[in-house]
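Trainee: Counting in full-length UniProt numbering, the sequence shown runs from 1 upward without gaps.
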Amino acid sequence: MNQKQTAFVTKELMLRAVKDSFVKLAPKTQLRNPVMFLVYVSAVLTTALYVCSLFGVADARPGFILAVAVILWFTVLFADFAEAIAEGRGKAQADALRAARQDVTANKIPSPDRRDEITRVKSACLRKGDLVLVGVGEQIPADGEVIDGAASVDESAITGESAPVIRESGGDRSAVTGGTTVTSDQLVIRVTSEAGESFLDKMIAMVEGASRKKTPNEIALQILLVALTIIFLLVTVSLYPFSAFSAGQAGMANPTSVTALVALLVCLAPTTIGALLSAIGIAGMSRLNQANVLAMSGRSIEAAGDVDTLLLDKTGTITLGNRQAYELIPVDGTDIHELADAAQLSSLADETPEGRSVVVLAKEQFGLRGRNLGGLHASFIPFTAKTRMSGVDYAGNEIRKGAAEAVRAYVAGQGGAYSKQCEEAVEQIARQGGTPLVVAKNGRVLGVIHLKDIIKQGVKEKFADLRKMGIRTVMITGDNPLTASAIAAEAGVDDFLAEATPEGKLQMIRDLQAKGHLVAMTGDGTNDAPALAQADVAVAMNTGTQAAKEAGNMVDLDSSPTKLIDIVRIGKQLLMTRGSLTTFSIANDVAKYFAILPALFMGLYPGLSALNIMGLHSAESAILSAIIYNALIIVALIPLALRGVRYREVPAAKLLSRNLVVYGLGGIIAPFIAIKLIDMLLVLFGLVL
């Protein structure tokens with residue numbers, strides 16, 4: 001699913017959209033968009049007027065009526081095309097997902113300890129709660145949770161990521177998705193979804209747009225557009241009797257035709273945004289899908305655009321996830337090379353990320369490499385929760401590395417001294433938010449290893465960008481307040497919640513919401529479920545537990561905690577695109593007033609010729625130029641509706657001012673230029689009188 005598109009619109013997608021555009025001409029389909037339904041009715045009306053003109057019943061030149069009718073039909077088709085091409089991109093994604101979904105044969109078992117009692121059934125026959133055994137090379141038949149075993153799983157069919165991931169029972173990486181493949185070992189999986197309701201089924205429905213419902217903002221905007229359309233309809237209808245009365249008073253024939261008034265109505269109605277509104281929403285969902293995020297509703301994407309507070313886990317989001325050796329601090333006159341040698345020896349058999357980082361630090365800073373363990377005849381002491389130390393014994397030497405209190409007790413037992421300088425170094429590291437590990441050799445303290453959380457590269461800059469966007473960041477961590485404060489200051493977050501518990505996270509979200517904030521957070525564990533359910537935007541990790549995924553309103557297929565920042569950008573871009581194109585659409589009307597109104601009433605009121613500031617050739621050319629522009633601008637804006645307006649990390653007020661200039665002023669100027677050019681071309685090719 002996360003595959004790069006080689007082209008913005010492929011030939012196949014274009015042909016599919018053209019075909020769907022004609023299918024959407026069905027009245028029932030057109031009725032779903034009231035603004036474009038008005039254009040549809042206008043196209044039918046002008047077509048009927050043209051047929052009548054063939055029998056001598058006409059209020060305008062037949063060629064003119066036909067031209068208006070054809071242009072209005074194209075306007076409707078262009079609107080259908082915009083929606084069809086947005087839907088087509090989603091359908092292309094859905095086709096790729098369907099190719100990954102197969103009706104495989106599942107190994108159903110009664111219980112984990114009765115694996116030899118296998119009943120082979122089709123995956124479509126599996127029910128929620130069934131247990132299945134999946135071995136190497138077999139496809140996981142349905143969504144589920146691993147209840148026994150650990151294995152590598154290839155999820156490329158879902159996420160696009162080729163590297164296998166580990167799925168295991170217990171913990172927060174137990175969820176598996178139907179359609180993925182086990183590449184090592186075997187798993188016992190409890191099915192968590194009924195047939196046809198799997199994660200893949202939901203994903204296909206969402207990307208196709210079948211499950212897309214209009215969001216509250218979209219509905220509100222459509223109500224506004226309908227209200228404007230009704231106002232313009234009433235105004236236009238009243239113009240005909242007004243012009244007939246004025247012409248009668250002047251002793252003239254009515255110069256205003258029904259065809260011209262229909263063209264005026266279509267041009268004044270907000271057809272541009274009416275035609276693109278659905279495409280903007282579908283494209284926003286599509287961009288989120290391309291980022292490998294599945295939104296359970298369009299409402300959650302809009303909420304992401306309005307979010308002003310982000311709750312972010314420290315580990316894996318702000319920091320790399322494991323503390324690493326940062327510095328060696330010798331004490332009591334110990335040579336730092338001796339400390340480095342002892343620290344590395346005590347860590348050679350330590351397979352934890354922290355232990356490996358000590359070996360790397362000694363190698364990079366002091367050139368200690370190529371140790372011959374066989375020649376040392378060393379005996380390694382593993383770390384245990386009871387001793388809180390690890391170490392090595394070799395050639396009559398004892399080296400120990402561990403927590404300060406544990407090494408203090410060890411040194412005292414060996415008759416050595418734990419100096420004040422060592423205490424001060426330990427306290428200083430703790431104040432900075434780090435973890436001190438004390439190293440001792442033969443009962444004598446050599447120094448302290450400073451382990452610290454490594455802040456991810458670029459995270460501080462990202463938080464600065466979010467601050468410009470008016471978004472407040474809050475770090476959530478289980479660390480003590482002193483450590484949390486130090487890391488928060490280094491990362492540049494606005495606030496932090498230390499010693500976080502599920503209840504603490506939930507209460508914090510409720511407090512923020514009570515103050516009027518919209519809150520977003522990520523989570524992957526069962527203990528995150530209450531907070532995810534409470535948050536306005538809740539992004540659950542695909543690797544997380546079923547409880548977390550059910551509580552969230554979005555699922556990140558890549559299980560990247562930093563994805564929340566991208567989701568907020570996509571949400572804001574969606575709202576910006578809708579707002580910008582609405583501004584452009586309404587601003588377009590100004591030029592159309594100057595094009596059509598003088599053309600309609602100059603015969604009655606010659607003074608209106610002063611409003612013909614574009615110097616349009618004739619009434620017919622003015623009307624045709626305006627409605628041709630009205631149709632073509634829809635096509636011209638389709639790429640922008642699909643890609644979205646470019647988002648910039650600047651304050652909302654500055655962004656609004658910029659967009660008003662670009663899309664407001666641009667929406668006034670562009671049609672003046674375009675309508676005049678179209679008028680010149682119509683005259684050049686002799687298409688108007």
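Cβ coordinates follow ideal geometry from the N, Cα and C atoms, glycine included.
Just to confirm my understanding: we take V635, look at its own chain, exclude 5 residues before and 5 after, and list those with CB closer than 7 Å. What are they?
Mentor: In the sequence shown, the residue the question calls residue 635 occupies position 635. So the list reads F78, once near-sequence residues are dropped.
Trainee: Helix, strand or coil: which one does DSSP assign to Y240?
Mentor: In the sequence shown, residue 240 corresponds to position 240, counting from 1. Reduced to three states, the DSSP call for Y240 is helix.
Trainee: Expressed to the nearest angstrom, what Euclidean distance is found between the alpha-carbon atoms of T10 and A652?
Mentor: Indexing the sequence shown from 1 puts residue 10 at position 10. Indexing the sequence shown from 1 puts residue 652 at position 652. Cα to Cα, T10 sits roughly 35 Å from A652.
Trainee: Do you know whose CA, among G667, I301, T582, lies nearest N553's CA?
Mentor: Here residue 553 is taken as the residue at index 553 of the sequence shown, counted from 1. Here the closest residue by C-alpha is I301.
Trainee: Once the 5 residues before and after G544 are set aside, which same chain residues still bring their CB inside 8 Å of it?
Mentor: As a working note, residue 544 is residue 544 in the sequence shown. Here the set comprises D172, R173, A175, G523, D524, G525, D528, S559.
Trainee: Let me check understanding here. Comparing Cα to Cα, which of T177, Q222, D103 lies closest to N33?
Mentor: By one-based count along the sequence shown, residue 33 stands at place 33. Checking every option, the nearest Cα to that of N33 belongs to Q222.
Trainee: Would V537 and V307 be called neighbours here (beta carbons separated by less than 7 Å)?
Mentor: Working through the sequence shown from its first residue, we reach residue 537 at position 537. Working through the sequence shown from its first residue, we reach residue 307 at position 307. The answer is yes: Cβ separation under 7 Å.
Trainee: Entirely within the segment 533-580 and at least 3 residues each: give me those beta strand (DSSP E) ranges in chain order.
Mentor: As far as the segment 533-580 is concerned, its whole beta strand (DSSP E) runs of at least 3 residues are 537-541, 554-556.
Trainee: Taking the beta carbon of Y40 as the centre, do at least 16 other beta carbons fall within 10 Å, making it buried, or is it exposed?
Mentor: Against the sequence shown, residue 40 aligns to sequence position 40. It is buried - the Cβ of Y40 has at least 16 other Cβ atoms within 10 Å.
Trainee: Identify every residue that forms a DSSP beta bridge with residue 697.
Mentor: Because the chain here runs from 1 to 689, residue 697 falls outside it and cannot be looked at.
Trainee: Our contact map puts G447 next to V331 with C-beta atoms below 8 Å; I'd like the distance itself, whole angstroms only.
Mentor: Within the sequence shown, residue 447 is the residue found at index 447, counting from 1. Within the sequence shown, residue 331 is the residue found at index 331, counting from 1. Rounded, the Cβ-Cβ distance is 5 Å, consistent with contact.
Trainee: Are the beta-carbon atoms of S357 and A404 separated by less than 7 Å?
Mentor: As a position in the sequence shown, residue 357 is number 357, starting the count at 1. As a position in the sequence shown, residue 404 is number 404, starting the count at 1. Going by C-beta atoms, S357 is not nearer than 7 Å to A404.
Trainee: Measure the CB-CB distance between N659 and S580 and report whether it falls below 7 Å.
Mentor: Taking the sequence shown and counting its residues from 1, one reaches residue 659 at position 659. Taking the sequence shown and counting its residues from 1, one reaches residue 580 at position 580. Closer than 7 Å, so yes.
Trainee: Looking at the structure shown, is P436 part of a helix, part of a strand, or coil, going by DSSP?
Mentor: In the sequence shown, the residue the question calls residue 436 occupies position 436. Note: P436 maps to strand in three-state DSSP.
Trainee: In whole angstroms, what separates the C-alpha of I118 from that of K128?
Mentor: Residue 118 sits at position 118 when you count from the first residue of the sequence shown. Residue 128 sits at position 128 when you count from the first residue of the sequence shown. In a straight line, the C-alpha of I118 is about 18 Å away from that of K128.
Trainee: A591 by DSSP, collapsed to three states: which one?
Mentor: As a first step, residue 591 must be located in the sequence shown, where it is residue number 591. The answer is helix: DSSP assigns A591 an H, G or I state.
Trainee: Please report the straight-line C-alpha distance between residue 694 and T105, rounded to a whole angstrom.
Mentor: Only positions 1 to 689 of the chain appear in this structure, which leaves residue 694 out of reach.
Trainee: List, from N- to C-terminal side, the beta strand (DSSP E) runs of 3 residues or more that fit wholly inside the segment 172-205.
Mentor: The qualifying runs are 187-191.
Trainee: May I ask you to check if the CB of Y663 is nearer than 6 Å to at least one heavy atom of the ligand NAD?
Mentor: Only the bare structure without any ligand can be found here, which leaves the ligand NAD out of the picture.
Trainee: In angstroms with no decimal places, state the Cα-to-Cα distance between L361 and E327.
Mentor: Working through the sequence shown from its first residue, we reach residue 361 at position 361. Working through the sequence shown from its first residue, we reach residue 327 at position 327. Their Cα atoms are separated by approximately 8 Å.
Trainee: State buried or exposed for G245, treating a residue as buried only when at least 16 other CB atoms are found within 10 Å of its CB.
Mentor: Within the sequence shown, numbered from 1, the residue matching residue 245 stands at position 245. It should be noted that the sequence gives Phe, not Gly, for residue 245. Classification for F245: exposed.
Trainee: How many Å lie between E145 and A304 at the Cα?
Mentor: The residue labelled residue 145 in the question sits at position 145 within the sequence shown. The residue labelled residue 304 in the question sits at position 304 within the sequence shown. Going from the Cα of E145 to the Cα of A304 covers about 29 Å.
Trainee: Three-state secondary structure (DSSP) at L133?
Mentor: Locating residue 133 in the sequence shown gives position 133, where the first residue counts as 1. Strand at L133.
Trainee: Take S419 and list the residues in its own chain whose beta-carbon comes closer than 8 Å to its own, dropping the five residues that flank it on each side.
Mentor: For this step, residue 419 is matched to residue 419 along the sequence shown. Excluding sequence neighbours, S419 sits near V331, D332, V445.
Trainee: Could you give the C-beta distance for P232 and A269, rounded to a whole number, given that I count them as a contact under 8 Å?
Mentor: Here residue 232 refers to the residue found at position 232 when the sequence shown is read from its first residue. Here residue 269 refers to the residue found at position 269 when the sequence shown is read from its first residue. According to the sequence provided, residue 232 is Phe. The question's Pro does not apply to it. F232 to A269, Cβ: 5 Å. Contact.
Trainee: Is the beta carbon of K401 closer than 7 Å to that of V439?
Mentor: On the sequence shown, residue 439 is found 439 positions in, with the first residue counted as 1. On the sequence shown, residue 401 is found 401 positions in, with the first residue counted as 1. For V439 and K401, yes; Cβs fall inside 7 Å.
Trainee: Identify, in the order they occur along the chain, each residue of the same chain with its Cβ nearer than 8 Å to the Cβ of D148, setting aside the five sequence neighbours on each side.
Mentor: Against the sequence shown, residue 148 aligns to sequence position 148. P112, S169, L187, V188.
Trainee: The alpha helix (DSSP H) that contains P330, what's its start and end?
Mentor: As a first step, residue 330 must be located in the sequence shown, where it is residue number 330. Per DSSP, P330 belongs to no alpha helix (DSSP H); it is in the beta strand (DSSP E), 324-330.
Trainee: Please name the residue, chosen from I633, L655, F601, R89, that lies closest to L239 on a Cα-to-Cα basis.
Mentor: Position 239 of the sequence shown, counted from the first residue, corresponds to residue 239. Taking only the C-alpha atoms, the option nearest L239 is F601.
Trainee: Just the Cα atoms here: how many angstroms apart are G90 and N289?
Mentor: Here residue 90 refers to the residue found at position 90 when the sequence shown is read from its first residue. Here residue 289 refers to the residue found at position 289 when the sequence shown is read from its first residue. Cα to Cα, the separation comes out at about 9 Å.
Trainee: Let me confirm a value: K24 is counted as buried when at least 16 other C-beta atoms fall within 10 Å, else exposed. Which label applies?
Mentor: Position 24 of the sequence shown, counting from 1, holds the residue named residue 24. By the 10 Å Cβ count, K24 comes out buried.
Trainee: CA-CA distance, A43 and S621?
Mentor: For the purposes of this step, residue 43 is taken as residue 43 along the sequence shown, with counting starting at 1. For the purposes of this step, residue 621 is taken as residue 621 along the sequence shown, with counting starting at 1. Answer to the nearest angstrom: the Cα atoms are 19 Å apart.
Trainee: Does DSSP classify L518 as helix, strand or coil?
Mentor: Here residue 518 refers to the residue found at position 518 when the sequence shown is read from its first residue. Reduced to three states, the DSSP call for L518 is coil.
Trainee: Inspect the CB distances between the segment 48-65 and the segment 602-612 and report whether three or more fall short of 8 Å.
Mentor: Touching, no, given that fewer than three Cβ pairs across the two stretches are closer than 8 Å.
Trainee: For the alpha helix (DSSP H) holding A381, just list the boundary residues, first then last.
Mentor: Here residue 381 corresponds to residue number 381 of the sequence shown, with the count starting at 1. Going by the sequence as given, residue 381 is Ile instead of Ala. First-last for I381: 379-381, but that is the beta strand (DSSP E), not the alpha helix (DSSP H).
Trainee: Y629 and A674 - do their beta-carbons sit closer together than 7 Å?
Mentor: Within the sequence shown, numbered from 1, the residue matching residue 674 stands at position 674. Within the sequence shown, numbered from 1, the residue matching residue 629 stands at position 629. It is a contact, given that the beta carbons lie within the stated cut-off.
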